[in-house]
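Using UniProt numbering, read the sequence shown as starting at 1 and increasing by one per residue.
This report concerns only the one structure given below.
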Amino acid sequence: MNYLVVGSGLFGSVFANEAAKRGNNVTVIEKRDHVGGNIYTKEVEGIQVHKYGAHIFHTKMKDIWDYVNQFADFNNYINSPIANYKGEIYNLPFNMNTFNKLWGVITPTEAKRKIESQKEALHIEGNPKNLEEQALSLIGPDVYEKLVKGYTEKQWGQSAKDLPAFIIRRLPVRFTYDNNYFNDPYQGIPIGGYTQIINKLLSNELIDVKINTDFFENKNKYLKSDNKIIFTGMIDQFFDYRLGELEYRSLRFDTKVLNEDNYQGNAVVNYTDSDTPFTRIIEHKHFEFGQGNNGKTVITHEYPQEWHRGDDPYYPINNKRNKDLYSNYVKLARNEFPNVIFGGRLGQYRYYNMDQTIMSAMQIVKREFEN
Ligand code: FDA
Numbered sequence: 001m002n003y004l005v006v007g008s009g010l011f012g013s014v015f016a017n018e019a020a021k022r023g024n025n026v027t028v029i030e031k032r033d034h035v036g037g038n039i040y041t042k043e044v045e046g047i048q049v050h051k052y053g054a055h056i057f058h059t060k061m062k063d064i065w066d067y068v069n070q071f072a073d074f075n076n077y078i079n080s081p082i083a084n085y086k087g088e089i090y091n092l093p094f095n096m097n098t099f100n101k102l103w104g105v106i107t108p109t110e111a112k113r114k115i116e117s118q119k120e121a122l123h124i125e126g127n128p129k130n131l132e133e134q135a136l137s138l139i140g141p142d143v144y145e146k147l148v149k150g151y152t153e154k155q156w157g158q159s160a161k162d163l164p165a166f167i168i169r170r171l172p173v174r175f176t177y178d179n180n181y182f183n184d185p186y187q188g189i190p191i192g193g194y195t196q197i198i199n200k201l202l203s204n205e206l207i208d209v210k211i212n213t214d215f216f217e218n219k220n221k222y223l224k225s226d227n228k229i230i231f232t233g234m235i236d237q238f239f240d241y242r243l244g245e246l247e248y249r250s251l252r253f254d255t256k257v258l259n260e261d262n263y264q265g266n267a268v269v270n271y272t273d274s275d276t277p278f279t280r281i282i283e284h285k286h287f288e289f290g291q292g293n294n295g296k297t298v299i300t301h302e303y304p305q306e307w308h309r310g311d312d313p314y315y316p317i318n319n320k321r322n323k324d325l326y327s328n329y330v331k332l333a334r335n336e337f338p339n340v341i342f343g344g345r346l347g348q349y350r351y352y353n354m355d356q357t358i359m360s361a362m363q364i365v366k367r368e369f370e371n
């Protein structure tokens with residue numbers, strides 16, 4: 001069988017690799033001028049720059065961890081972001097270090113008592129009606145005002161009072177002095193960046209990669225060919241938005257090289273007030289413990305943006321309208337293109353972390369080759 005994989009992100013590359021391993025010819029087309037999708041990294045001043053936002057690999061799944069470790073050596077980076085609220089610095093996720101800084105409490109019992117007393121004073125009755133009420137009922141006003149409200153409103157471009165409560169089902173609150181953001185047992189950053197993983201996945205001689213090639217420029221030709229298509233672009237675009245546009249949040253990345261060794265002392269600093277227009281600054285060298293050319297560092301400001309056609313779609317917006325619309329596109333796909341597989345974050349309109357993207361690609365591989 002011949003396959004055409006649209007998109008050289010993690011999903012498309014894992015699929016291409018598995019298909020080629022089984023002796024199939026695979027053509028991968030990619031509209032950007034490089035492979036890798038959003039996990040692409042590029043070396044600048046000896047530093048691996050995460051071009052499309054900070055990517056930290058973390059997973060509970062040992063098989064997925066073993067899988068990615070075939071393609072790169074991972075360091076033992078632990079994600080411990082810092083919050084900057086109007087010049088006050090707090091540890092994330094919310095833990096005993098955060099509570100100590102906020103209230104001077106020392107023991108977990110004191111911290112729990114403080115949160116409970118804050119929650120009781122609010123008198124929120126019934127089910128929370130919006131994100132603000134939900135967050136307040138979970139962690140009380142101090143943490144909410146300083147660390148949740150501004151950041152969340154910037155991220156979604158809406159007041160927390162207008163956002164649905166379900167966006168925050170729970171807020172990770174930890175009553176230990178532990179700044180490790182993730183609860184997963186496996187975590188790290190590939191030494192030398194992510195692009196090597198994609199390059200290795202695509203290195204089989206049965207795989208032909210064409211960059212700067214947009215599926216939509218020759219859609220009919222591709223559909224008429226005898227290739228089986230794995231489509232990892234936007235499912236609504238595939239159907240020319242026939243049923244309407246799915247909504248996304250986009251981001252603008254402003255990356256610069258600075259002539260200093262260490263700009264902010266941490267890889268990720270979130271700006272949690274509403275006046276600062278960006279949500280966070282990434283200092284890339286700290287993902288690899290300060291590696292890079294002397295006297296140089298690379299930082300990226302991240303600005304959330306409304307998505308319009310033509311922009312990069314980063315986050316699917318998970319609400320009822322979009323869920324229903326997506327299901328209708330899936331029905332359309334089954335009826336009209338039963339042989340096209342829609343995969344990955346955009347094809348399945350799902351916020352997949354990297355480990356889930358690999359898992360989902362492997363499920364498709366199983367269905368495709370092991371039946
Ligand atoms: P991806 O979007 O990467 O790839 C799709 C590819 O298809 C792109 O290269 C695109 O150019 C191409 N394409 C689209 N339309 C096309 C067309 N018409 N013709 C040709 N090519 C086309 N995960 C995690 O585990 N830890 C983390 O820290 C983060 N951090 C993070 C930050 C940000 C800002 C984002 C947006 C995402 C993350 N992620 C993450 C998630 C991670 O990026 C995600 O799991 C994978 O990149 C998904 O890979 P896909 O292949 O599905 O999509």
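Beta carbons are placed, not taken as given, at the ideal position from N, Cα and C, and that holds for glycine.
It should be emphasised that the depicted structure is a prediction, and the values quoted were computed from it without experimental measurement.
Query, Result
"Go through its chain and collect everything with a Cβ distance to residue 135's Cβ below 6 Å, but skip five positions before and after it.", "144, 148 and 168"
"Quickly, what does DSSP pair residue 83 with across the bridge? List them, please.", "90 and 270"
"Pick helix, strand or coil for residue 39, following the three-state DSSP scheme.", "helix"
"Would you kindly report the start and end of the unbroken alpha helix (DSSP H) that includes residue 376?", "Outside the modelled stretch of the chain, which goes from 1 to 371, sits residue 376, for which no answer is possible."
"Can you give me the start and stop residues for the beta strand (DSSP E) that residue 250 sits inside?", "248-258"
"Taking residue 175 as part of the beta strand (DSSP E), name the residues at either end of that continuous run.", "From DSSP, residue 175 is part of no beta strand (DSSP E); its letter is neither H nor E."
"So, with DSSP's three-state summary, where would you put residue 288?", "helix"
"On a CA-only basis, which of 315, 291 and 355 is nearest residue 52? Give me that one, please.", "315"
"Helix, strand or coil: which one does DSSP assign to residue 316?", "strand"
"Residues in its own chain within less than 6 Å of residue 25 by CB, not counting five upstream and five downstream?", "2 and 206"
"Residue 231 bridges to which residues according to DSSP?", "6 and 342"
"Would a C-beta distance cut-off of 8 Å place residue 12 and residue 28 closer than the cut-off?", "yes"
"Return the chain-ordered list of same chain residues with a C-beta closer than 8 Å to the C-beta of residue 289, the five sequence neighbours on each side being excluded.", "75 and 77"
"If we ignore side chains and look at the alpha-carbon of each, how far apart do residue 260 and residue 118 end up?", "43 Å"
"Whole angstroms is fine: what's the gap from residue 312's alpha carbon to residue 21's?", "31 Å"
"Have a look at residue 30 and residue 121 and give me their C-alpha separation to the nearest angstrom.", "55 Å"
"Determine which residues share a DSSP beta bridge with residue 74 and list them.", "190"
"Taking 7 Å as the cut-off, is the CB of residue 55 close to at least one heavy atom of the ligand FDA?", "yes"
"Give the list of continuous beta strand (DSSP E) stretches no shorter than 3 residues that lie fully inside the stretch 99-148.", "none"
"Can you give me the C-alpha to C-alpha distance between residue 233 and residue 248, rounded to a whole angstrom?", "13 Å"
"What's the C-alpha gap between residue 229 and residue 339?", "7 Å"
"Tell me which same chain residues have a C-beta within less than 6 Å of the C-beta of residue 372, skipping the five on either side of it?", "As shown, the chain starts at 1 and ends at 371. That puts residue 372 outside it, with no answer to give."
"When you compare only the Cα positions, how much space is there between residue 58 and residue 64?", "10 Å"
"What does a CB cutoff of less than 8 Å around residue 227 pick up in its chain, not counting 5 residues either side in sequence?", "2, 3, 4 and 27"
"Given this structure, state the Cα-to-Cα distance separating residue 198 from residue 125, to the nearest angstrom.", "50 Å"
"Would you identify the three-state DSSP class for residue 239, choosing helix, strand or coil?", "coil"
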